[in-house]
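So for the sequence shown, the numbering used here puts the first residue at 137; every next one is plus one. Built from N, CA and C at the ideal position, the CB exists for glycine as well.
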Amino acid sequence: MKKFNKIIIIFDLDGVLINTIKLMELAWSEVQKTQNIKQSFSNYKKYIGLPFNTILKKLKISKNHKKIYEIYNKTSIRNEKIIKLYPGVKKILLKLNLKGYKTAIVTSKEKSRAQRILKRFKIPINNINCPNKKYRGKPFPDQIFRAIKKSRIKTVKAIYIGDMHVDYETSKNSKIDFIFAKYGYESRLKTYKNTINTFYQIPKILERLN
């Protein structure tokens, strides 16, 4: 594989680098129990990748967003030990770094939580981008553009790797290539041009795209 100095690979976090599905289900169960919410986790799962308040709106939950988020977040933090790193993540990221690729993360997760998880698993990515007042969440392109800008390279090709259809929409809105992580959380039947079944397949598909 050639060395590419002007390509940035942008990763989604949940469902691509880390497996948090059990943690999400646990946190949502706590929300259901304490807030008397009937919407099932299977319905919640359809919208993973969107900002949390957007998911609540999609589920037609119109009240107590702040309290719901507080319960969901506290439960998630308390049980972070059940998060798993997908096989091959560290090995392939090291390989990509050695080949000269820039790497970044675009996620809907709160930044402090994302940073803590990355530190725990020693994931070597410092370019982390999360929704805030200045940068809208998925499917808007704001965070992708921010990640590219932070890479500090003038001429750049960007590729986004995600596991949900909203990630594809984000890449499309950003006008960049997309790789679909089939091993992630998307349950709807969709066909994508570039698909990986494991993290180990990333270098091979990058060779084809480049």
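Straight-line CA distance for Leu195 to Val302? 16 Å
Check for me: the alpha helix (DSSP H) holding Thr327 runs from which residue to which? Counting along the chain, Thr327 falls outside any alpha helix (DSSP H), and DSSP gives it neither H nor E.
Using only alpha-carbon positions, find the residue among Arg252, Ser323 and Leu325 that is nearest to Leu149. Arg252
Got a sec? Which residues, its chain only, sit under 7 Å from Lys245 by beta carbon, not counting five neighbours each side? Leu149, Asp150 and Cys266
Can you check which of these residues, Ile284, Lys203 and Leu192, is closest to Gln171 by C-alpha distance? Lys203
With 16 other CB atoms within 10 Å as the buried threshold, where does Gly185 fall? buried
From what residue to what residue does the alpha helix (DSSP H) around Thr306 run? His301 to Ser310
Own chain partners of Ile264 with C-beta closer than 6 Å, once the 5 adjacent residues on each side are dropped: Ile241 and Ala250
Would Val292 and Ile259 be called neighbours here (beta carbons separated by less than 8 Å)? no
Quick check: what's the CA-CA separation for Gly236 versus Arg214? 37 Å
Delimiting residues of the alpha helix (DSSP H) encompassing Val242: From DSSP, Val242 is part of no alpha helix (DSSP H) but of the beta strand (DSSP E) over Lys238 to Val242.
Could you compute how far the alpha carbon of Leu159 sits from the alpha carbon of Ser287? 31 Å
Flag this pair as yes or no: are the beta carbons of Leu345 and Ile289 separated by less than 8 Å? no
Coil, strand or helix - Met137 by DSSP: Residue confidence is low: Met137 scores 47 on pLDDT, short of 50, so the model does not pin down where it sits. No coordinate-derived value is stated.
Within 10 angstroms of its Cβ, does Ser176 collect 16 or more other Cβ (buried), or is it exposed? exposed
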